Amino acid sequence: MDTQVSTVTTETTIKPLVTLTPLAAQKVSALLAEKKLNGYGLRVFVSGGGCSGFQYGMAFENTTEDGDFVFDSNGVRVYLDSASAMYLEGATVDYVDSLMGGGFKIENPNAVTTCSCGQSFGTEEGGHASSGGCACGH
3 MDTQVSTVTT
13 ETTIKPLVTL
23 TPLAAQKVSA
33 LLAEKKLNGY
43 GLRVFVSGGG
53 CSGFQYGMAF
63 ENTTEDGDFV
73 FDSNGVRVYL
83 DSASAMYLEG
93 ATVDYVDSLM
103 GGGFKIENPN
113 AVTTCSCGQS
123 FGTEEGGHAS
133 SGGCACGH
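Numbering (this note's numbering), first residue to last: 3 to 140.
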């Protein structure tokens, strides 16, 4: 009796929890190419601290950690840990050019308070409302 075992591998594509605008995706791709980081993507995360309770972070990444959501947004692989996903679902990462220079900006529909520096935010359940000034020096 000849038995043949067939293995089926399925890849699950999830809807992007965080969206990169076309310009942000272009800038990330250019930075990855400039730094010769083939196979890398962008990790977007939230950590405690900042003027308003939480602060945004971004880093280049090529490994998945337990509980990560990994998806594609405008041609860029995005990594998002499950704790950050609670605060960032529906957010948009954009790249903004201004007279003072350019940089990435996160538009977060979950933020109820934000600091004027744009790097810090608070949520209804856990964030701290800013008491007026920005302690980040911006």
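Beta carbons: idealized from backbone N, C-alpha and C, even for Gly.
All values derive from a computational prediction rather than experimental measurement.
**Request:** Locate the beta strand (DSSP E) running through residue 107, then write down its first and last residues.
**Result:** 103–109
**Item:** Nearest residue (CA-CA) to residue 105, options 60, 72, 79
**Value:** 60
**Item:** Residues of its chain near residue 103, where Cβ-Cβ distance is below 7 Å and the 5 sequence neighbours each way are ignored
**Value:** none
**Where residue 110 falls, given that 16 or more other Cβ within 10 Å makes a residue buried** = Residue 110 should be labelled buried.
**Asked** I think residue 81 touches residue 95, with their Cβ atoms under 8 Å apart; what is that distance to the nearest whole Å?
**Response** 13 Å between Cβ atoms; not a contact.
**Request:** Count the other CB atoms, across all protein chains shown, that sit within 10 Å of the CB of residue 50; report buried if there are 16 or more and exposed otherwise.
**Result:** exposed
**Request:** Express the C-alpha separation of residue 83 and residue 30 in angstroms, rounding to a whole number.
**Result:** Taking the straight line from one Cα to the other gives about 19 Å.
**Message:** Looking at the secondary structure, which residues open and close the alpha helix (DSSP H) in which residue 81 lies?
**Reply:** Looking at the DSSP string, residue 81 is not in any alpha helix (DSSP H); the run it does join, the beta strand (DSSP E), is 78–82.
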